[in-house]
Amino acid sequence: MKIKSILIANRGEIAIRIMRTARKMGITTYAIKTAKEPNAWYLDEADEVIDFSECYDDTPEFLDIERIVYNAKEHQIDAIHPGYGFLAENPDFARRCEEEGINFIGPSHDAIYRMGNKTVAKDLAKQARVPLLGGSEGAVPDAEEAKRIAAEVGYPVILKAAAGGGGRGMRVVEKEKDIERMFKLASNEAEKAFNNPQVFIEKFVREPRHIEFQILADKHGNVVHLGERECSVQRKHQKLLEESPSPALDEKLRKKMGDAAIRIAKSVNYYSAGTVEFLLDDRNNFSFMEMNTRIQVEHPVTEMVTGIDLIEQMIRIAEGEKLAFSQKDIKLNGWAIEWRINAEDVQSGFSPSLGTVEKISWPESDQIRVDTGVRDGSVITPYFDSMIAKLIVHAEDREKALQLSSMAIRKFWIKGTKTTLAFCRAVLQNSNFRKGKFNTSFLSKELKIHYHHEPDEELLAAFFAVYDYAREVNEFEDKPLYVDKGKEIAPWVLNKRLR
Amino acid sequence: MKKSKKLIALSASNKAYEFDKPLEKRIKYQGKKVDIKLREDPNGFSYIVWKNKKYMLDVIEKNQNRYTVMLNGVWHSFSVETPISFKRRKYLEQQGEASTSVSVEAPMPGKIIDIMVEEGSEVKEGEAIIILEAMKMQNEISSHASGVVKSISVKKNDSVMKDDVLIEIQRG
Amino acid sequence: MDVKGRNFTRFLERQKRYDDQHSTRVEGKQHAKGKLTAWERIEILFDEDTFEEIDAYVTPEKGDTGFGKMKHAYGDGVIIGHGLIRGRIAFAYSQDFTVMGGSLGAVHATKIMKIQDMAMKMGAPMIGLIDSGGARIQEGVASLAGYAGIFYRNVQSSGVIPQISVIMGPAAGGAVYSPSITDFVFMTNQTSYMFVTGPNVVKEVLNEDVTFNDLGGAGVHSKKSGVAHMVYEDEENTLIGVRQMLSYIPSNNMENPPEMELSEDENKDFEEKLRDVVPDDPNKPYDVKDVINLIVDKRSFYEISENFAQNLVIGFGRIDGKVIGVVANQPKVLAGTLDINSSNKGARFIRFCDAFNIPLLILEDVPGFLPGIDQEHNGIIRHGAKMLYAFADATVPRVTVILRKSYGGAYCVMNSKNLGGDFNFAWPTAEIAVMGPEGAVAILYRKELESAEDPVAMKKELAAKYREEIANPYVADERGFIDEVIDPAETRRKLIRAFEALETKFMNNPARKHGNIPL
Chain G
-19 MKIKSILIAN
-9 RGEIAIRIMR
1 TARKMGITTY
11 AIKTAKEPNA
21 WYLDEADEVI
31 DFSECYDDTP
41 EFLDIERIVY
51 NAKEHQIDAI
61 HPGYGFLAEN
71 PDFARRCEEE
81 GINFIGPSHD
91 AIYRMGNKTV
101 AKDLAKQARV
111 PLLGGSEGAV
121 PDAEEAKRIA
131 AEVGYPVILK
141 AAAGGGGRGM
151 RVVEKEKDIE
161 RMFKLASNEA
171 EKAFNNPQVF
181 IEKFVREPRH
191 IEFQILADKH
201 GNVVHLGERE
211 CSVQRKHQKL
221 LEESPSPALD
231 EKLRKKMGDA
241 AIRIAKSVNY
251 YSAGTVEFLL
261 DDRNNFSFME
271 MNTRIQVEHP
281 VTEMVTGIDL
291 IEQMIRIAEG
301 EKLAFSQKDI
311 KLNGWAIEWR
321 INAEDVQSGF
331 SPSLGTVEKI
341 SWPESDQIRV
351 DTGVRDGSVI
361 TPYFDSMIAK
371 LIVHAEDREK
381 ALQLSSMAIR
391 KFWIKGTKTT
401 LAFCRAVLQN
411 SNFRKGKFNT
421 SFLSKELKIH
431 YHHEPDEELL
441 AAFFAVYDYA
451 REVNEFEDKP
461 LYVDKGKEIA
471 PWVLNKRLR
Chain V
122 MKKSKKLIAL
132 SASNKAYEFD
142 KPLEKRIKYQ
152 GKKVDIKLRE
162 DPNGFSYIVW
172 KNKKYMLDVI
182 EKNQNRYTVM
192 LNGVWHSFSV
202 ETPISFKRRK
212 YLEQQGEAST
222 SVSVEAPMPG
232 KIIDIMVEEG
242 SEVKEGEAII
252 ILEAMKMQNE
262 ISSHASGVVK
272 SISVKKNDSV
282 MKDDVLIEIQ
292 RG
Chain H
73 MDVKGRNFTR
83 FLERQKRYDD
93 QHSTRVEGKQ
103 HAKGKLTAWE
113 RIEILFDEDT
123 FEEIDAYVTP
133 EKGDTGFGKM
143 KHAYGDGVII
153 GHGLIRGRIA
163 FAYSQDFTVM
173 GGSLGAVHAT
183 KIMKIQDMAM
193 KMGAPMIGLI
203 DSGGARIQEG
213 VASLAGYAGI
223 FYRNVQSSGV
233 IPQISVIMGP
243 AAGGAVYSPS
253 ITDFVFMTNQ
263 TSYMFVTGPN
273 VVKEVLNEDV
283 TFNDLGGAGV
293 HSKKSGVAHM
303 VYEDEENTLI
313 GVRQMLSYIP
323 SNNMENPPEM
333 ELSEDENKDF
343 EEKLRDVVPD
353 DPNKPYDVKD
363 VINLIVDKRS
373 FYEISENFAQ
383 NLVIGFGRID
393 GKVIGVVANQ
403 PKVLAGTLDI
413 NSSNKGARFI
423 RFCDAFNIPL
433 LILEDVPGFL
443 PGIDQEHNGI
453 IRHGAKMLYA
463 FADATVPRVT
473 VILRKSYGGA
483 YCVMNSKNLG
493 GDFNFAWPTA
503 EIAVMGPEGA
513 VAILYRKELE
523 SAEDPVAMKK
533 ELAAKYREEI
543 ANPYVADERG
553 FIDEVIDPAE
563 TRRKLIRAFE
573 ALETKFMNNP
583 ARKHGNIPL
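Protein chains in written order, with the working numbering: chain G, -19 to 479; chain V, 122 to 293; chain H, 73 to 591.
So this is what it looks like as structure tokens:
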């Protein structure tokens, strides 16, 4: 069934992104206007705007299931695309759409629910023979049991105190011969620190890499993967940049992990776009973390290397079409890197830098793609995320992609708010990053200073400060003061003042 | 009044940059006098051309003689001094301004809507650090000093009374 | 005259002794403290080479006191004279801390009184550069009498000529009363302080330990007490600040303030950005200084008392080159309410502008007075009345623009039509009512809300209706309390024309010795 209209239950850059593809496909787009950003750019890009400015209660606009569904029906809209975040992984929302006959551009509510439940997801992964981060269920009674579970799960493992944390009662065990001794040590420490000797076991992944695989599946049981994305550079579990492919994977590992991802998707009869997240350790062992049943922020890097429009595919899948390609048709060409540019002050610990983006400009080229919801004059509010733009570069290989990134970042100019561009520069300066040698500990261990500038730059900034100051002082002093005008007083007034 | 032409920019790390006649746009670099190409556009971007590269510039904060200049995505803070005021600063530093902590108090009763910093964050004087809702209005509470956040005594959705200590800042 | 003869030689010798007094060795002592010398300050304050000193060689009477040693220096520790500031005559005295700590003796005081009298006679501004340890103990009551004479003249000149005090060092004890009577007080951060009783006495009497800076430094007076109007980081900038302020003030109360040329890119008619500043949501704050900067001529806003009572913004600005005094509520501090401190701050500024023919522009967005026991017990009733009195008593042109809220008593206070406002404009976002919609509805429909199914939703609905029908500016417009509801983008044009029309305004209050402003 053809989709002729889509309500985009989202805002900012992803809303514009979805509209771009919808327009290409000749589909009418509807956007939701909020009182929080009445002049946002995405509203101008939509064909129709539904006004949610009147707020009847405290429910945030993009989380108001009933209101969105109601409006979709009122306007007789065929489908809803939830984007990412907000209601994208809310099974109730998907279900309500299904109930009301609105085509939800995403997976089934059942798939969302099951993959959203960590226990259920892990069970499914186990059944699909996908490696998991194993461990004990609850406290381990003695060293013997610890040894047994450790053998099952595989070394290294970590013993953790059941009653507390902070590193106490914690021991990493590399080899089986150490486990009994470590168990005693951990237990004793836990007893002393928390009055409770109980410890449990978990598989230990030391400074893993975060690798995720993009899945596309249709409603006819066909599932493919579109390669991986390397997302290890994170701060407090927030991704800062992503690339595809990953420097850590070779063809063999890619096939193994890709197949595992497909098995996971099939286990819930998945359809639409989705992402399976894995942890990869330094010995190339991978384990399933979770599946994200939505389109992700970093999807552009996959689009650049595969040449496939994921949003378009999501729409076609929702319409009931079969996937037009099979796994062997998927090729990863070249290298893509996405740099997230947020309105954050890197020099003050990434604190949010709210305000107005007075002017924004970036270099245009075939190899550079910028997804953004921000234009000259856009206001960064505290109500929504602080993302300004995603800068994605695509080149023949990683080295060229890094060079291109360097140039694009230097020419990306934003006036009016502090941004994470200086952080991107710091990452590019780091030699291990350039060599592709990094993992999730990159930010805390590798990058000593989170922003980068050349020594001359402070000199230039100092000059500008001094120049501006001198100019202001001069301007005031040199502007003519018409004192006489102050003495020209109309006789009417002068007469009265004299009395 | 005689205007002294020479000006000194003192960075936050106490490095002093001297400029003899800044309005002439020439600076001393590695012993030689170099011309600065500066393009300004109040409605667009201002930039400096240096060693054949363009560097975007913006004054993001200005308070009397204290400047924060953003160049190529990194901001630098300076105070602009004349030779006399520069000497004065040196004298005052010698006086040993004891690093004290400054507490930010609630100016009126209300509810904490948002806390924009965390312990350890750097703050600048005048920067908004807490949003306090009172009288149905959202009020920005700003920091009284520049320094580092020592402790935060409230959390989101707390109700506070007038003069309650909200945040302590270690000056420096 | 024979230049080598006795007459001229004596003249030159005396000059040399004077120069020695101000030698670089002596200068060094001031610089070591991070301060400038009395002469250096004069040189920065006045236009180059225009200062003429008077009474340079006056010395205290020899053998006048029996107690304590006295240094008989030329000038007795103060330099007085006149010069040009931006081409206009001004009179000043600059105390010299290197002579007996700049302390005030009988002769020192006589000099100051002399220059004050001159300033009054010539109708020119009087500037005091204060750097003094206080009364000269050796001279006893003569010093105190000296102070009294200075204070008397400060009061006689008040409202006749502009008086500015620049505190550049200590100002203690009785010495602080002269600055507090003058129109504006400037202080330099970290090297100047003012207090009535110093830390030593405080320690003796109350056993409290406090530093000079914490008791009466520039920070204290600009943020807490409101005594200092302008604070700068160093002395040069402080004096440049005085020059800047003087460019907005006439030389005496008969003149109009000087005008300034407009920049080429000045927008006289239409400023679209004004439409974007005030949010539609009445509970969202914004910075009224953004509005001010878009209304006045570019870069012409000179804010006064920036750090005190920040819920009210005051300062000088120019519209079409002509000076105006701005009084504006600041919604992002204390929701823009009026309280004790802001009422005092506003009232004094209004009185100054009225005395010196500076028209007033009022930008209004005030939800009322700050509630609370603290305010009530400390007399918000008295203090709020000050601003009301100041507005009503002012005969200079006064134009109001209501930007957003204007509730209750605060509506009256902020230069309403019936208080004598000459032109009263309102923006479409204006809300004029006895009280805010939520509050009003809670009272008017109390019974209905109590028995309602969903009181929250009903209240919201009623409040919206109240906004639509009662609180909107069109009601006031149609009844003549507002002259016109204007497009924010046209504000500049409307104001330029309004002030032009008001140029020849003259009014007289009823004849009386003076009113009785609540104090």
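We put the beta carbon where it would ideally sit given N, CA and C, even for glycine. Owing to the predicted nature of the structure, the values given are computational and were not obtained by experimental measurement.
**Request:** Would you decide whether ILE515 of chain H is buried or exposed? Buried here means 16 or more other CB atoms lie within 10 Å of its CB.
**Result:** Taking all protein chains in view, the Cβ of ILE515 of chain H is surrounded by fewer than 16 other Cβ atoms within 10 Å, so the residue is classified as exposed.
**Prompt:** Is the distance from the Cβ of MET282 of chain V to the Cβ of ALA441 of chain G below 9 Å?
**Reply:** Going by C-beta atoms, MET282 of chain V is not nearer than 9 Å to ALA441 of chain G.
**Spatially closest choice to THR273 of chain G from G:PHE266, G:HIS279 and G:ALA253, by CA coordinates** = G:ALA253
**Message:** Cβ closer than 7 Å: which chain G residues qualify as neighbours of ASP179 of chain V?
**Reply:** Ordered by position in chain G, the residues that pass the 7 Å Cβ test against ASP179 of chain V are LYS395.
**Message:** Quick check on the DSSP output: the beta strand (DSSP E) that includes HIS61 of chain G runs from which residue to which?
**Reply:** 59 to 61
**Item:** Simplified DSSP state of GLN214 of chain G, which is helix, strand or coil
**Value:** strand
**Request:** Report the neighbours of GLU292 of chain G on chain V: residues whose CB is nearer than 8 Å to its CB, in chain order.
**Result:** Neighbours of GLU292 of chain G on chain V: none; closest Cβ ~34 Å, over 8 Å.
**Prompt:** Taking a cut of 8 Å between CB atoms, which residues from the region 181 to 193 of chain V lie near chain G?
**Reply:** Going along the region 181 to 193 of chain V in chain order, one finds ILE181, LYS183, ASN186, TYR188, VAL190, MET191, LEU192 and ASN193 with a Cβ nearer than 8 Å to chain G.
**Asked** ASN226 of chain H: buried (16+ other C-beta within 10 angstroms of its C-beta) or exposed?
**Response** buried
**Item:** Spatial neighbours of GLU34 of chain G in its chain, beta-carbon cut-off 7 Å, leaving aside the 5 residues before and after
**Value:** none
**Item:** Opposing strand residues paired with GLU202 of chain V [DSSP bridges]
**Value:** V:ILE129
**Message:** If we define contact as Cβ-Cβ less than 9 Å, is ALA304 of chain G a contact residue for chain H?
**Reply:** no
**Request:** Taking only beta carbons into account, state which residues of the region 311 to 326 of chain H come closer than 9 Å to chain G, listed in chain order.
**Result:** ILE312, ARG315, GLN316, SER319, PRO322, SER323, ASN325 and MET326
**Asked** Using a beta-carbon distance below 9 Å, is ARG210 of chain V in contact with chain H?
**Response** For ARG210 of chain V, the answer is yes, since a Cβ of chain H falls inside 9 Å of its Cβ.
**Item:** For SER220 of chain V, the three-state DSSP class (helix, strand or coil)
**Value:** Here SER220 of chain V scores only 49 on pLDDT, less than 50, and its place in the model should not be relied on; the value that follows carries that caveat. The answer is coil: DSSP assigns SER220 of chain V none of H, G, I, E or B.
**Request:** Just the C-alpha distance for SER230 of chain H and PRO509 of chain H, rounded to the nearest angstrom, thanks.
**Result:** 44 Å
**Request:** List the whole-angstrom C-beta distance separating SER175 of chain H from GLY206 of chain H, where the pair is believed to meet the contact cut-off of C-beta under 8 Å.
**Result:** 6 Å
**Message:** Counting only beta-carbon separations shorter than 9 Å, does GLU289 of chain V have a partner in chain H?
**Reply:** no
**Prompt:** DSSP state of TRP111 of chain H, grouped into three classes?
**Reply:** helix
**Item:** ASP341 of chain H versus GLY245 of chain H: straight-line alpha-carbon distance, rounded
**Value:** When only Cα atoms are considered, ASP341 of chain H and GLY245 of chain H end up about 52 Å apart.
**Asked** At least one CB of chain V closer than 9 Å to the CB of HIS293 of chain H: is that the case?
**Response** no
**Asked** What residues from the region 428 to 455 of chain G come within 9 Å of chain V, judged by C-beta to C-beta, listed N to C?
**Response** TYR431, HIS432, HIS433, GLU434, ASP436, GLU437, GLU438, LEU439, LEU440, ALA441, ALA442, PHE443, PHE444, ALA445, VAL446, TYR447, ASP448, TYR449, ALA450, ARG451, GLU452, VAL453 and ASN454
**Request:** Return no unless some Cβ of chain H is closer than 9 Å to the Cβ of ALA470 of chain G.
**Result:** Judged by the 9 Å Cβ criterion, ALA470 of chain G is in contact with chain H.
**Item:** Three-state secondary structure assigned by DSSP to ARG189 of chain G
**Value:** strand
**Prompt:** For the beta strand (DSSP E) that contains ARG158 of chain H, what are its first and last residues?
**Reply:** That residue, ARG158 of chain H, is in no beta strand (DSSP E); it is neither H nor E in DSSP.
**Request:** Could you please give the first and the last residue of the uninterrupted beta strand (DSSP E) stretch that includes GLN291 of chain V?
**Result:** 286 to 292
**Asked** Which residues, taken in chain order from the region 314 to 335 of chain G, show a beta carbon closer than 7 Å to some beta carbon of chain V?
**Response** GLN327, SER328, GLY329, SER331 and PRO332
**Item:** Same chain only: Cβ atoms within 6 Å of ASP141 of chain V, ignoring 5 sequence neighbours per side
**Value:** LYS127
**Request:** Select from the region 261 to 281 of chain V all residues with a C-beta closer than 7 Å to any C-beta belonging to chain H, and list them in chain order.
**Result:** GLU261
**Prompt:** Buried or exposed: where does LEU84 of chain H fall if 16 or more other Cβ atoms within 10 Å of its Cβ makes it buried?
**Reply:** For LEU84 of chain H, the number of other beta carbons within 10 angstroms of its own is below 16, and it is reported as exposed.
**Message:** By the three-class DSSP mapping on this structure, what secondary structure does ALA300 of chain H have?
**Reply:** coil
**Asked** Grouping DSSP H, G and I as helix and E and B as strand, with all else coil, what is GLU541 of chain H?
**Response** In this structure, GLU541 of chain H counts as helix in the three-state DSSP scheme.
**Item:** contact_flag[the region 264 to 272 of chain G, the region 115 to 131 of chain G] where n(CB pairs < 8 Å) is 3 or more
**Value:** no
**Message:** Any C-beta of chain G within less than 8 Å: which residues of the region 143 to 155 of chain V qualify?
**Reply:** PRO143, LEU144, LYS146, ILE148 and TYR150
**Prompt:** At a Cβ threshold of 9 Å, is ASN79 of chain H touching chain V?
**Reply:** At a cut-off of 9 Å, the C-beta of ASN79 of chain H has no neighbouring C-beta in chain V.
**Message:** Within 8 Å, do at least three Cβ pairs link the region 274 to 281 of chain H to the region 386 to 404 of chain H?
**Reply:** With the cut-off at 8 Å, the region 386 to 404 of chain H and the region 274 to 281 of chain H do not touch.
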